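Below you'll find the structure, written out as structure tokens, and then a few comments.
Chains as they are written, first to last, in my numbering: chain A, 1 to 329; chain B, 330 to 658.
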């Protein structure tokens with residue numbers, strides 16, 4: 001039995017840079033026809049020059065696969081209208097990180113009130129806004145607390161496409177329908193795991209990520225949203241590699257899921273008897289929402305068992321040793 | 330400026346066994362005239378023979394300090410009335426671990442309904458019951474959910490002293506006054522930290538413990554309880570050493586706080602202008618509740634800065650590198 005996907009897309013992935021980028025990019029480019037490659041590198045991808053260099057770096061590492069790197073520019077409060085207008089045709093979107101909430105986001109935006117001039121330009125230029133939507137509050141409440149910020153942005157800029165990245169809570173799922181211009185991505189790990197998988201028994205550093213895993217109730221809400229076939233919901237893995245050493249000794253946040261994304265998604269949809277919804281979730285919704293046309297590719301999965309290796313080079317995947325039912329052909 | 334404490338007691342500590350016990354016991358015996366030394370060793374201290382051996386092992390390691398090791402027997406469903414009656418004079422208390430909720434508790438009690446015959450014997454023998462009060466539910470809710478179990482036990486056995494160990498939530502704090510026969514211990518780390526200190530930024534494995542750290546609201550409730558000078562509240566550090574390697578690679582739960590307990594407690598009470606409450610919290614309440622008479626000792630702290638070392642042998646303390654204001658003389 002085979003499952004055929006047309007140009008699947010991962011609408012939120014961290015490919016890092018340099019050697020790490022070379023190591024991890026093929027896991028994404030072999031499965032996906034394109035991906036939103038997040039710009040929180042060091043330094044961040046926050047100028048048009050860095051943008052071009054990063055697109056080139058990813059494209060080279062993605063070879064020989066036909067792969068579209070959709071790189072959102074890292075939000076700067078001092079973007080000028082001239083700068084964004086001149087680059088509009090090249091640009092994909094802009095990613096907003098509230099300062100300090102996740103890996104390499106120290107240079108993000110500290111005061112949300114200061115971002116409105118740039119949001120106004122983005123609305124005029126029809127540049128989508130991708131948001132890591134967490135406050136600086138108590139970790140389990142950060143996403144819930146941020147919903148009012150989404151509400152403010154979406155209602156103040158009704159023509160601006162706002163993408164709530166990696167939503168994890170029932171609150172964000174419920175909020176999705178409040179504004180026509182609000183969309184979201186959902187990760188595999190927030191669909192599958194709760195905080196208890198990370199710390200209910202021994203601590204599993206490979207499930208430590210931002211936003212942190214949530215409650216069974218929140219996970220159920222995210223699963224229901226995906227399984228409803230909602231047209232505003234896109235798959236975005238948020239696969240975020242760190243070396244095993246950095247995970248264990250520096251406590252870095254991020255789940256590495258890239259190598260097994262499509263097999264595990266197939267398993268998830270099959271478990272819920274909804275395999276027919278997978279194509280829209282991993283491609284069609286994103287094509288429509290963003291108006292992108294990725295390379296035409298066919299990715300085939302077969303019903304065959306394989307076991308996730310304990311590590312990929314220096315990186316430990318979230319589900320090392322787990323036997324999966326679907327395999328990339 | 331000096332602070333003098335009379336026979337301070339740590340009413341909940343893990344001294345482990347063998348080499349680890351030899352290494353960590355002096356941190357406790359040098360500061361405290363006695364401690365409740367928890368019986369979740371491998372195998373657990375669940376027979377009178379093992380009890381005697383463990384008391385001997387701790388006493389030797391505590392030397393040259395005059396130190397009373399109060400060792401609760403690890404709860405077994407099949408304790409007989411003869412067994413407990415014969416050992417009553419020697420025994421201090423019995424510790425109940427719901428199966429699998431914390432380190433080496435796999436042999437604990439799986440069905441709480443089966444424990445009532447033993448609780449009945451304990452009530453008759455006036456043997457206190459110490460409880461790790463967490464359900465097998467979602468981690469942040471485990472203690473809240475267990476309050477109904479405390480309620481059932483305390484009302485079914487109104488003469489049984491029930492000690493809620495290491496309480497962490499506003500729910501447990503509020504429940505304390507519902508029954509005359511319910512008491513509690515409070516740890517230093519649950520007084521000082523929230524879950525965000527462990528995972529709000531990078532992950533800090535040395536703050537990973539069971540019960541997990543809670544919200545700012547819960548911490549405030551625990552602080553208020555301690556600062557109210559409540560007579561049913563005892564200090565119990567739950568200092569729980571693991572080697573750095575085990576913490577980082579096996580994800581073991583437990584905070585090692587033993588070496589700096591009294592200095593940090595003095596700092597806490599001083600910060601809240603309540604130094605006069607410390608003696609009751611670290612000794613008098615426990616003496617009265619348990620009716621114990623520890624060795625008469627005077628422990629003196631002076632107002633002098635020192636810096637917590639990065640590690641004690643193979644063990645990393647929770648607050649490595651922190652400069653403290655009080656120092657043991």
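Glycine included, each C-beta is placed from N, C-alpha and C at the ideal position.
Since the structure is predicted, the reported quantities are computational estimates derived from the model, not experimental observations.
| query | In terms of residue numbering, what span does the beta strand (DSSP E) encompassing residue 185 of chain A cover? | reply | 182 to 186
| query | Between the stretch 456 to 480 of chain B and chain A, which residues of the former have a C-beta closer than 8 Å to a C-beta of the latter? | reply | Using a CB distance below 8 Å, the part of the stretch 456 to 480 of chain B facing chain A consists of 467, 468 and 469, ordered along the chain.
| said: Using the three-state DSSP reduction, which class does residue 367 of chain B fall into: helix, strand or coil? | reply: Looking at residue 367 of chain B - three-state DSSP - the assignment turns out to be coil, as it is neither helix nor strand.
| Contact list for residue 195 of chain A against chain B, beta-carbon separation under 8 Å | Near residue 195 of chain A (Cβ distances below 8 Å), the residues of chain B are 467, 468 and 469.
| request: Rounded to whole angstroms, what's the CA-CA distance from residue 577 of chain B to residue 248 of chain A? Just pull it up for me. | output: 6 Å
| task | Please confirm whether residue 24 of chain A and residue 173 of chain A have their CB atoms less than 9 Å apart. | result | no
| request: Could you tell me the distance, in whole angstroms, from the CA atom of residue 426 of chain B to the CA atom of residue 46 of chain A? | output: 53 Å
| query | In three-state terms, what does DSSP make of residue 13 of chain A? | reply | strand
| field | Residues bridged to residue 6 of chain A [DSSP beta-bridge criterion] | value | A:298
| query | For the stretch 248 to 261 of chain A, which residues have a beta carbon sitting closer than 9 Å to at least one beta carbon of chain B? | reply | 248, 249, 250, 251, 252 and 253
| task | Check the Cβ of residue 533 of chain B against every Cβ in chain A and list those closer than 7 Å, keeping chain order. | result | 251
| said: So the candidates are A:91, A:193, A:121 and A:58; which of them puts its Cα closest to the Cα of residue 48 of chain A? | reply: A:91
| task | Check the Cβ-Cβ distances between residue 216 of chain A and every residue of chain B, and say whether any is below 9 Å. | result | yes
| task | Pick out the complete beta strand (DSSP E) segments inside the stretch 479 to 525 of chain B, 3 residues or longer, and give them in chain order. | result | Assignment of beta strand (DSSP E) within the stretch 479 to 525 of chain B, counting only whole runs of 3 or more residues, yields 491 to 493 and 511 to 515 in chain order.
| said: Can you look up residue 447 of chain B in the DSSP assignment and give me helix, strand or coil? | reply: helix
| task | Just list the beta strand (DSSP E) runs in the stretch 208 to 270 of chain A, keeping only unbroken ones of 3 residues or longer that don't cross its boundaries, in chain order. | result | 233 to 235
| query | Would residue 658 of chain B pass as a contact of residue 331 of chain B if the rule is Cβ separation under 9 Å? | reply | Residue 658 of chain B is a Cβ neighbour of residue 331 of chain B, given a cutoff of 9 Å.
| Anticipated Cβ contact below 8 Å, residue 265 of chain A with residue 188 of chain A, distance rounded | 6 Å
| query | To the nearest angstrom, how far is it from the Cα of residue 548 of chain B to the Cα of residue 423 of chain B? | reply | 28 Å
| query | Can you round the beta-carbon distance between residue 119 of chain A and residue 129 of chain A to whole angstroms, since I take them to be within the 8 Å contact cut? | reply | 7 Å
| task | In angstroms with no decimal places, state the Cα-to-Cα distance between residue 18 of chain A and residue 465 of chain B. | result | One C-alpha to the other measures close to 44 Å.
| When you compare each of A:318, A:8 and A:230 to residue 66 of chain A by their alpha carbons, which one comes out closest? | A:8
| said: Give me the DSSP bridge partner(s) of residue 95 of chain A. | reply: A:74 and A:130
| Applying a beta-carbon distance threshold of less than 8 Å, which residues of chain B neighbour residue 351 of chain A? | Nothing about residue 351 of chain A can be read from this structure; chain A reaches only from 1 to 329.
| query | What did DSSP end up calling residue 390 of chain B once you bin it into helix, strand or coil? | reply | helix
| message | Please report the straight-line C-alpha distance between residue 480 of chain B and residue 349 of chain B, rounded to a whole angstrom. | response | 36 Å
| said: Measuring straight from C-alpha to C-alpha, what distance separates residue 243 of chain A and residue 315 of chain A? | reply: Each residue's Cα considered, the two are about 5 Å apart.
| Neighbour list for residue 289 of chain A in chain B, Cβ cutoff strictly below 8 Å | Result: empty, since nearest Cβ-Cβ is about 32 Å, beyond 8 Å.
| Simplified DSSP assignment, three categories, for residue 395 of chain B | coil
| If you draw a straight line from the C-alpha of residue 492 of chain B to the C-alpha of residue 144 of chain A, how long is it? | Going by the C-alpha atoms only, they are around 36 Å apart.
| Taking buried to mean at least 16 other C-beta atoms within 10 Å of its own C-beta, is residue 620 of chain B buried or exposed? | exposed
| task | Would you mind reading off the limits of the alpha helix (DSSP H) that contains residue 351 of chain B? | result | Looking at the DSSP string, the run of the alpha helix (DSSP H) that includes residue 351 of chain B is 347 to 358.
| query | According to DSSP, is residue 633 of chain B helix, strand or coil? | reply | strand
| request: In angstroms with no decimal places, state the Cα-to-Cα distance between residue 534 of chain B and residue 168 of chain A. | output: Their backbone Cα atoms lie some 24 Å apart in a straight line.
| said: For residue 653 of chain B, list the residues DSSP reports as bridge partners. | reply: B:635
| Rounded Cβ spacing between residue 277 of chain A and residue 227 of chain A (contact assumed at less than 8 Å) | 7 Å
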